[in-house]
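Heads up: the structure comes next, in structure tokens.
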Amino acid sequence: MKTEIRLNSRRTEPLAIIETPAVTDEVHKAAGLLASLETRRLCAIQDGRAKLLDPDSVSRLWADGEDVYVQTQNGTWRLKLRLYEAEARLDPSRFVRISRSEIINLDHAESFDMSLAGTIEVRMKDGHRSYVARRSVKKIREVLGI
């Protein structure tokens, strides 16, 4: 992949554009790398303490009523953000919404069971199991390249 930097004094912030004849794995990786530069930490609460969480440590996020929770290797934390606000802070090449109430980190997914009718069971590396909503099955299949 060739790279090129152009100076533009009219720009107020950097803009990265990837020109390609076809979307390949290399292009996806480059886009993911660029997107990860903007990934912001999530501020979570547990027992009255606030903690900054690195998105790499997050395996999944889910909403339960009005509350949004984050699962990491070190436990469960509550966010003060809505699920869509947290989603906007995460790298879309690594985090995917599997239902209205849950987002998973693909890097923490162990396997996808496609044998169920109308849904997909996601097994996370920590042993948790989640299910893809019917409306999200097509998107998940595309993400997985199936």
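The opening position of the sequence shown corresponds to residue 2 in the working numbering, with each subsequent residue numbered one higher.
Cβ atoms here follow ideal geometry from the backbone N, Cα and C, with glycine treated the same way.
- request: Any chance you could list the beta strand (DSSP E) runs of at least 3 consecutive residues sitting entirely within the stretch 58-82, in chain order?
  value: 59-65, 68-73 and 76-80
Helix, strand or coil at residue 20 according to DSSP, with G and I counted as helix: coil
message: Beta-carbon within less than 8 Å of residue 135's beta-carbon, same chain only, minus the 5 sequence neighbours each way: which residues are those?
response: 119 and 120
task: Kindly indicate which three-state DSSP category residue 140 falls into: helix, strand or coil?
output: helix
- prompt: First and last residue of the alpha helix (DSSP H) that includes residue 90?
  reply: 84-90
task: Report back the beta-carbon spacing between residue 98 and residue 88 to the nearest angstrom; my notes put them in contact at under 8 Å.
output: 6 Å
message: I'd like the list of long-range same chain contacts for residue 129, defined as Cβ closer than 8 Å, with 5 residues on each side in sequence excluded.
response: 60, 61 and 72
field: Inter-residue CB distance, residue 45 and residue 54 (contact presumed, cutoff 8 Å)
entry: 5 Å
query: Would the beta-carbon of residue 31 fall within 8 Å of that of residue 18?
result: no
query: Is residue 110 helix, strand or coil when you go by DSSP?
result: strand
Cross-strand partners of residue 35 (DSSP beta bridge): The partner list for residue 35 (beta bridge, DSSP) is empty, contrary to what the question assumes.
- prompt: Does any heavy atom of the ligand NAP sit closer than 7 Å to the C-beta of residue 63?
  reply: With respect to small molecules bound, the structure shown includes none, and the ligand NAP cannot be examined in it.
- request: Use the C-beta contact count for residue 105: other C-beta atoms within 10 angstroms, 16 or more gives buried, fewer gives exposed.
  value: buried
- prompt: At what residues does the beta strand (DSSP E) containing residue 53 begin and finish?
  reply: 50-54
message: Check this for me: beta carbons of residue 35 and residue 56, under 8 Å apart or not?
response: no
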